[in-house]
Amino acid sequence: TGRVAGKKAFITGGAQGLGAAAGRMLAKEGAKVALADLNLAGAQAVAAEINAAHGAGTAFAYQLDVTQEDQWIEVLEKAASDMGGLSVLVNNAGIGGDGPIESLDFGLWKKVMSVNVDSVFLGAKHALTHMRAHQPGSIINLSSIAGLIANGNSPAYNASKAAVWLLSKNIALYCAKMKLDIRSNSIHPTFIDTPILDGFSARFGKEEAFAKLARQVPMGRIGEPNDIANAVLYLASDESKFMTGAEIKVDGGISA
Ligand code: NAD
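Using this note's numbering, the first residue of the sequence shown is number -19, and each one after it goes up by one.
Here is the structure:
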């Protein structure tokens, strides 16, 4: 039982933050989950916690660098075999950390673009091979409000998340044209309390840093990981069966 009972979900960046929250939420609602991350120990810890709560064989952990095509092929194969198929892909792994354009190192630009964009291309390309056997399916891509609204501080993050937004729609139209019952949508969070904000918190102290961010949000606070996990849950479930090529903004009104 549960809103995603029987679904088999592969989640990148599942060791912490939004990926871990999505894994816990989908497992609680009846899915099997594969948590893939650069940080294998972190993914294993989250999987162990999920298995303790919902039974052995609910969650699996894998090491994956989402920028490496050979690793994607190998890890998707293993995960589909461990879970008994693959019906949901959550392209969640992503990084920020770039700075203003004039001082931005070209290497860091390329790294942010690769982790945030190559990952979605490679993940969708290779997951579709497995997902066509387990329709209906859902591809869920973590973009950002920064993929819709520019900020002047992080050009690679802005450009990469805008690329995720349209790539997500491209995949949606491709699947529809191919008569696949596989949907593709993007989620656009504003500031959410995860380790991705650690650098910013270190500069001002966590309380002051979060207060600065909260002042930018009409609802007057930053979000919590489950605010995003709930959107992932909706998109992973058949409740969203007629939604594809859409974007869901979860942002306390910042883009309104
Ligand atoms: P996070 O930094 O807490 O977690 C990201 C995870 O991705 C980490 O476990 C990290 O090890 C993993 N990762 C990084 N590079 C990887 C790679 N090459 N291969 C595999 N795994 C890799 O971040 P988060 O806050 O949970 O963010 C998740 C997603 O949501 C990201 O795409 C982020 O851009 C997006 N997002 C977050 C916020 C926010 O405020 N938290 C806002 C908007 C969008």
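The beta-carbon is built from N, C-alpha and C at its ideal position, and this holds for glycine as well.
The model shown is predicted, which means the values in this text are computed figures rather than measured ones.
Under the criterion of beta carbons closer than 8 Å, G35 and K(-12) do not qualify as touching, at roughly 15 Å. The criterion of a C-beta distance shorter than 7 Å is satisfied by A23 and A41. By the C-beta criterion, the segment 135 to 149 is judged not to be in contact with the segment 175 to 184, since fewer than 3 inter-stretch pairs fall below 8 Å. For H110, the enclosing alpha helix (DSSP H) starts and ends at S99 to M111. Proximity of the segment 185 to 201 to the segment 150 to 165 falls short of the contact definition, fewer than three beta-carbon pairs being nearer than 8 Å. Taken in chain order, the complete beta strand (DSSP E) segments of 3 residues or longer contained in the segment 124 to 170 are 162 to 169. Non-local beta-carbon contacts of G233 in its own chain, meaning distances under 6 Å to residues more than five positions away in sequence, involve P198 and M199 in chain order. In the DSSP assignment, E49 falls within the unbroken alpha helix (DSSP H) covering E49 to M63. For the pair of segments examined, the segment 112 to 124 was found to touch the segment 158 to 166: the number of CB pairs separated by less than 8 Å reaches three. Secondary structure at N96: helix, using DSSP grouped into helix, strand and coil.
Three or more Cβ pairs drawn from the segment 42 to 49 and the segment 9 to 18 lie within less than 8 Å of each other, which places the two stretches in contact. The nearest non-hydrogen atom of ligand 1 is less than 6 Å from the C-beta of N72. K12 and S124 have their alpha carbons spaced roughly 26 Å apart.
The three-state secondary structure of D45, taken from DSSP, is coil. Around the Cβ of A59, a 10 Å sphere holds 16 or more other Cβ atoms; the residue is buried.
In this structure, DSSP gives K90 a helical state, which the three-state scheme calls helix.
Pairing S217 with R4 gives a Cβ-Cβ distance that is not under 7 Å.
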